[in-house]
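**Student:** I am attaching a structure below and will ask some questions about it afterwards.
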Amino acid sequence: GRLRSRTLDEVCTDVSSVCRGSPIGYFTFEDAIRVVELYKSRQGFRKLELDQFQLAMKVFDRKGNGDIPLSELPSALLWLGLSLPEVELRTMIDEVVGSEATSLTHRHFL
1253 GRLRSRTLDE
1263 VCTDVSSVCR
1273 GSPIGYFTFE
1283 DAIRVVELYK
1293 SRQGFRKLEL
1303 DQFQLAMKVF
1313 DRKGNGDIPL
1323 SELPSALLWL
1333 GLSLPEVELR
1343 TMIDEVVGSE
1353 ATSLTHRHFL
């Protein structure tokens, strides 16, 4: 996964959300494992970023089957405020799902 920098406030919010059952002032080994699992489940994205990607997935998954057609990918990326030259986009698609693919799953979209 990719590593992204986080502000101290973001880390504190994530840690406090995971440590709700721990005594005040304590951060246990189990809490540390839960924080790591939280970040792994987000694939390195901040919660807001992940929420935006999930919303884009819902908007552009027009058939409701959990996939975004590759023809919709440029629009989905623009909707997220991202723009890639067509050559870079095609290279990325080929690396992620292969040149024969016609759609991206949620996991591939992230």
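Using my numbering, read the sequence shown as starting at 1253 and increasing by one per residue.
A virtual CB, placed ideally from N, CA and C, is assigned to each residue, including glycine.
No experiment lies behind these values; they were computed from the predicted model shown.
Measure the Cβ-Cβ separation of histidine 1360 and valine 1349 and say whether it is below 7 Å.
**Tutor:** Cβ distance < 7 Å, so histidine 1360 and valine 1349 count as in contact.
**Student:** Is it the case that the Cβ atoms of leucine 1322 and threonine 1343 are separated by a distance below 7 Å?
**Tutor:** Cβ distance not < 7 Å, so leucine 1322 and threonine 1343 don't count as in contact.
**Student:** For aspartate 1313, which residues in the same chain have their Cβ closer than 7 Å to its Cβ, ignoring the five residues on either side in sequence?
**Tutor:** Answer for aspartate 1313: Asp1319, Ile1320, listed in chain order.
**Student:** If you follow the beta strand (DSSP E) that threonine 1280 is in, where does it begin and where does it stop?
**Tutor:** No beta strand (DSSP E) holds threonine 1280; DSSP gives it neither H nor E.
**Student:** For alanine 1308 versus leucine 1325, is the C-beta distance shorter than 7 Å?
**Tutor:** Going by C-beta atoms, alanine 1308 is not nearer than 7 Å to leucine 1325.
**Student:** With which residues is serine 1355 paired in a DSSP beta bridge?
**Tutor:** Paired residues: Pro1321.
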